[in-house]
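Trainee: Input: one structure, supplied below.
Numbering (the numbering used here), first residue to last: 401 to 656.
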């Protein structure tokens, strides 16, 4: 009876430190490609979604068609989406980016539009009264107030893009998805687990990073800390801060 091999790669274990040390460059290249595809798709999606949301906010008739088209695009399965885009872009990274951009539109457009609609009309009227034109009103009033909702949509779109990049492995441009796909075909346990864990870590790190940016650029949404609420205190009522000013009421006395 032969003894089991000492190498965890030879034993094909799920957790294997030798895989990390011997495939370090392969993992690094896959992570870089994964990040590049995610960043480009979300950035282009944001550049497309912002004018669409502004258009839907300015003209009410455009809101329905914009939301309907972006929702329909989101319901198309990823394999079907890549197949439809294949004649335009061929087997390239551009094909993956284009598909991810279309998927991100429904999340970005809806949240940006919700943020713009949440801006109080009194605020807009006050800005117009101060001489703000449409462009200045949008850039300095409406968009800053819509940032919390827009950033929330950006976080969801980014995490979704990190996940959907792996589907690009079917055309050879899937970042860590390439390793997952190859590992599943060869039943390479360490490769499948390592690439999957790295995908999760990228998604969590991206979400936390965007959350920190959101809190940094929207300080008015953070709850105030360090100050305890103070009770209203009337003048001359040190022992009874809730008492109203004036003479103390006399106790009721029954008539005899």
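Yeah, the Cβ is synthetic: ideal placement off N, Cα and C, and Gly gets one too.
Computed from a predicted structure; not experimentally measured.
Once the 5 residues before and after residue 414 are set aside, which same chain residues still bring their CB inside 6 Å of it?
Mentor: So the list reads 589 and 593, once near-sequence residues are dropped.
Trainee: Please state whether DSSP places residue 692 in a helix, a strand or coil.
Mentor: Lying before the first or after the last residue shown, residue 692 is absent from the chain, which here runs from 401 to 656.
Trainee: What does the Cβ neighbour count give for residue 587, buried or exposed, with the cut at 16 atoms within 10 Å?
Mentor: Exposed is the call here.
Trainee: State whether the segment 461 to 472 contacts the segment 523 to 540, with contact taken as three or more CB pairs (one from each stretch) at a distance under 8 Å.
Mentor: Touching, no, given that fewer than three Cβ pairs across the two stretches are closer than 8 Å.
Trainee: Suppose only complete runs of 3+ residues qualify. What are the beta strand (DSSP E) ranges in the segment 510 to 565, listed by chain order?
Mentor: Runs found: none.
Trainee: Should the segment 595 to 613 be called in touch with the segment 444 to 463, which here means at least 3 C-beta pairs below 8 Å?
Mentor: With a cut-off of 8 Å, the segment 444 to 463 and the segment 595 to 613 do not count as touching, because too few Cβ pairs lie within range.
Trainee: I'd like to know whether the C-beta atoms of residue 516 and residue 569 end up nearer to each other than 8 Å.
Mentor: No, they are not a contact pair.
Trainee: Would you check if the distance between the CB atom of residue 510 and the CB atom of residue 553 is smaller than 8 Å?
Mentor: For residue 510 and residue 553, yes; Cβs fall inside 8 Å.
Trainee: Between which two residues does the alpha helix (DSSP H) holding residue 585 run?
Mentor: Run containing residue 585: 576 to 586, per the alpha helix (DSSP H) assignment.
Trainee: Pick from 465, 504 and 408: whose alpha carbon is nearest that of residue 439?
Mentor: The shortest Cα separation from residue 439 among 465, 504 and 408 belongs to 504.
Trainee: For residue 629, which residues from the same chain have a beta carbon less than 8 Å from its beta carbon, with the 5 sequence-adjacent residues on both sides left out?
Mentor: Its pLDDT being 48, under 50, residue 629 is placed unreliably by the model, and the measurement read from it follows with that caveat. Closer than 8 Å at Cβ, skipping near neighbours: no residue.
Trainee: What I want to know is whether the C-beta of residue 426 ends up closer than 7 Å to one or more non-hydrogen atoms of the ligand HEM.
Mentor: With respect to the ligand HEM, the structure offers nothing, as it holds no ligand at all.
Trainee: Tell me the DSSP secondary structure of residue 461 in three-state form.
Mentor: In this structure, residue 461 counts as helix in the three-state DSSP scheme.
Trainee: Please list, in chain order, all residues of the same chain as residue 501 whose beta carbon is under 6 Å from its beta carbon, the five residues on each side excluded.
Mentor: Result list for residue 501: 441, 444 and 445, in chain order.
Trainee: I need the straight-line Cα distance from residue 507 to residue 555, nearest angstrom please.
Mentor: Whole-angstrom Cα-Cα distance: 9 Å.
Trainee: Is residue 418 buried or exposed, if buried means 16 or more other CB atoms sit within 10 Å of its CB?
Mentor: Classification for residue 418: exposed.
Trainee: Using the rule of at least 16 other Cβ atoms within 10 Å of the residue's Cβ for burial, across every protein chain shown, is residue 457 buried or exposed?
Mentor: Counting Cβ neighbours within 10 Å, residue 457 comes out buried, since at least 16 surround it.
Trainee: Helix, strand or coil for residue 451, going by three-state DSSP, please let me know.
Mentor: Looking at residue 451 - three-state DSSP - the assignment turns out to be helix.
Trainee: So the alpha helix (DSSP H) residue 602 belongs to, where does it begin and stop?
Mentor: 589 to 617 is the extent of the alpha helix (DSSP H) around residue 602.
Trainee: Could you tell me which of 564, 559 and 591 sits nearest to residue 608, measuring between CA atoms?
Mentor: Closest by alpha carbon: 559.
Trainee: Starting from residue 417 and walking both ways along the alpha helix (DSSP H), at which residues does that stretch end?
Mentor: Unbroken alpha helix (DSSP H) run through residue 417: 417 to 422.
Trainee: With 16 as the cutoff for other CB atoms within 10 Å, does residue 600 come out buried or exposed?
Mentor: Under this definition residue 600 is an exposed residue.
Trainee: Report the CB separation of residue 577 from residue 565 in whole angstroms; it is logged as a contact under 8 Å.
Mentor: Right, their Cβ atoms sit about 6 Å apart.
Trainee: Using a Cβ-Cβ cut-off of 6 Å (strictly less than) and excluding sequence neighbours within five positions of residue 581, which residues of its own chain qualify?
Mentor: Excluding sequence neighbours, residue 581 sits near 569.
Trainee: Skipping 5 residues on each side, what residues in its chain have a beta carbon closer than 6 Å to that of residue 433?
Mentor: Once the five neighbours on either side are set aside, the close Cβ partners of residue 433 are 575.
Trainee: Once you ignore the five residues that flank residue 561 on each side, which residues in its own chain have a CB closer than 7 Å to its CB?
Mentor: Cβ within range, chain order: 438, 441, 442, 500 and 504.
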